[in-house]
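Numbering follows the UniProt record's numbering, in which position 121 of the sequence shown is assigned residue number 121; successive positions increment by one, without gaps. The next block holds one structure in the form of structure tokens; read it before the comments.
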Amino acid sequence: MRPRPPIKGRGIFSGTGLVVVALAATLVALLVPLWTYPGRQDPASANVLSAQTVTTPYGPLSAQDRDFVTKVRLAGLWELPAGQLAQRKGTSAAVRTAGRHLVDGHTSLDAHVRTVATQLGVPLPNEPNAQQKQWLDTLDAAEGQDFDRQFAAILRLAHGRVFSLVAQVRAGTQNSLVRDLADDANATVLDHIKVLEATGYVDFAALAEDLAASASPVPAPQEVDPNAAVPVVPSPGESYSLPPAAASPPPGTTSP
Numbered sequence: 001m002r003p004r005p006p007i008k009g010r011g012i013f014s015g016t017g018l019v020v021v022a023l024a025a026t027l028v029a030l031l032v033p034l035w036t037y038p039g040r041q042d043p044a045s046a047n048v049l050s051a052q053t054v055t056t057p058y059g060p061l062s063a064q065d066r067d068f069v070t071k072v073r074l075a076g077l078w079e080l081p082a083g084q085l086a087q088r089k090g091t092s093a094a095v096r097t098a099g100r101h102l103v104d105g106h107t108s109l110d111a112h113v114r115t116v117a118t119q120l121g122v123p124l125p126n127e128p129n130a131q132q133k134q135w136l137d138t139l140d141a142a143e144g145q146d147f148d149r150q151f152a153a154i155l156r157l158a159h160g161r162v163f164s165l166v167a168q169v170r171a172g173t174q175n176s177l178v179r180d181l182a183d184d185a186n187a188t189v190l191d192h193i194k195v196l197e198a199t200g201y202v203d204f205a206a207l208a209e210d211l212a213a214s215a216s217p218v219p220a221p222q223e224v225d226p227n228a229a230v231p232v233v234p235s236p237g238e239s240y241s242l243p244p245a246a247a248s249p250p251p252g253t254t255s256p
């Protein structure tokens with residue numbers, strides 16, 4: 001029998017197939033490292049972040065935004081009474097002036113945050129947290145120049161930590177109401193930092209060390225027993241108690 005002549009083009013197709021396979025393998029080799037790169041956001045994590053952000057007429061409201069609104073309210077709930085104590089117990093005009101700035105600043109800022117919280121449907125606390133109550137107990141138990149030093153140290157450290165939080169929120173929020181609140185909080189906190197430093201009782205070396213240990217809470221002085229502290233009682237006829245937060249957010253706007 002005569003041998004069958006080879007089919008033209010078979011070698012060409014076989015060669016093309018090898019080229020296609022090689023290109024596909026190269027593409028997979030390039031994509032797999034990108035897909036498994038440690039810095040790539042996991043789709044599940046992205047879904048969680050998306051679920052924590054809610055839509056409002058004023059722009060997206062993130063979990064960080066809601067936390068910031070809550071912390072502004074909490075700051076007023078303990079810093080305003082601390083200012084009352086400074087007005088009543090401060091031994092120098094500078095300490096009493098700082099106390100007045102705290103009272104005036106947080107009276108105004110609290111009115112702002114309550115309005116924002118109502119518009120955004122963010123529930124607010126009506127009393128300080130446990131750590132803030134301990135700070136107030138510490139200040140209430142202190143007398144004389146010891147009070148002046150404790151007041152300046154605790155309040156300046158707390159404001160230093162809040163200052164960085166305000167900047168972070170202001171830089172990243174997409175919500176116009178939160179942005180305006182951050183502007184107000186920034187001006188208030190900076191004013192309080194300046195008047196606290198003007199008391200002459202701020203130890204900047206100790207302050208720098210404490211701020212570096214940002215993960216740790218503001219320490220109360222060791223010699224003060226919180227269990228023996230006397231509750232804060234405003235002086236007669238000089239009450240600046242903050243009004244309660246909005247009772248309940250508008251239907252359909254409550255954050256998850």
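C-beta atoms are modelled at their ideal positions from N, C-alpha and C, and glycine is treated no differently.
DSSP places PRO81 inside the alpha helix (DSSP H), whose first and last residues are 63-89. ILE154 has its alpha-carbon roughly 14 Å from the corresponding atom of VAL195. The DSSP-derived three-state label of VAL202 is coil.
Across the structure, PRO81 and ASP140 are spaced so that their CA atoms are roughly 10 Å apart. Around the C-beta of ASP148, 16 or more other C-beta atoms lie within 10 Å, and the residue is accordingly described as buried.
If you look at ALA142, you'll find it isn't in any alpha helix (DSSP H); DSSP assigns it neither H nor E. In the displayed model, VAL166 falls within a helix according to three-state DSSP.
Taking a contact as a CB-CB distance under 8 Å, the pair LEU61 and ASN175 counts as one, their CB atoms being some 5 Å apart. Listed as beta-bridge partners of VAL54 by DSSP are LEU61.
Contact check for ASP67 and THR173: beta-carbon distance about 11 Å, past the 8 Å limit, so the pair fails to qualify.
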